[in-house]
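In the numbering used here, the protein residues as written are 21 to 146.
Now the structure itself:
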């Protein structure tokens with residue numbers, strides 16, 4: 021991902037992300053976990069909204085920064101204070117994230133509870 025951003029830019033990366041979303045939108049019985057910028061592509065969101073549920077696993081920018089193993093591999097965070105960069109991205113994207121079919125707070129639920137909720141929500145797909 022970092023190389024794609026560096027050599028071709030974010031727009032090219034997002035076009036590849038959309039192409040993969042198109043390809044996978046016809047596949048059932050799976051969990052797709054795209055990156056945080058995926059939600060900014062309206063056409064990708066529309067494709068998956070038709071095929072299943074969009075579940076937002078909410079976490080504060082601080083929690084996300086703690087969970088990241090290699091910040092330098094994240095092109096939109098590299099070379100910056102990750103918490104500051106994540107806060108900025110979150111503020112830009114928050115309204116889009118909140119349009120999900122369900123919102124689960126990852127800081128209030130244990131991992132097994134999150135998994136159970138995702139399975140439960142997935143079993144009630146349209």
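We put the CB at the ideal spot given by N, CA and C, even for glycine.
One or two residues paired with residue 123 in a DSSP bridge = Residue 123 is bridged by DSSP to 76.
Top-ranked residue by Cα proximity to residue 54, from 112, 89, 117, 132 | It is 117.
If you draw a straight line from the C-alpha of residue 32 to the C-alpha of residue 144, how long is it?
-> About 35 Å.
Would you kindly work out how many angstroms separate the C-alpha atoms of residue 41 and residue 73, rounded to a whole number?
-> Those two C-alpha atoms are separated by around 14 Å.
Just mark residue 106 as buried or exposed, buried being the case when its beta carbon has 16 or more other beta carbons within 10 Å.
-> The residue in question, residue 106, is buried, as its Cβ has 16 or more Cβ neighbours within 10 Å.
Leaving out the 5 sequence neighbours to the left and right, which residues in its chain are closer than 7 Å to residue 109 when beta-carbon positions are compared?
-> Taking C-beta separations shorter than 7 Å and ignoring five residues to either side along the sequence, the partners of residue 109 in its chain run 56, 96, following chain order.
Nearest-angstrom Cα separation, counted from residue 92 out to residue 43 | Within the model, the alpha-carbon separation for residue 43 versus residue 92 is close to 29 Å.
Given 8 Å, three or more beta-carbon pairs between the stretch 77-85 and the stretch 122-132 | Per the Cβ contact rule, the stretch 77-85 is in contact with the stretch 122-132 (3 or more Cβ pairs under 8 Å).
Can you tell me whether DSSP reads residue 98 as helix, strand or coil?
-> Reduced to three states, the DSSP call for residue 98 is coil.
When 48, 132, 122 are compared against residue 75, the one with the closest alpha-carbon = Of all alpha-carbon atoms in 48, 132, 122, the one lying nearest the alpha-carbon of residue 75 is that of 122.
Three-way DSSP call (helix, strand, coil) for residue 66 in this model = Residue 66 falls in the helix class under three-state DSSP.
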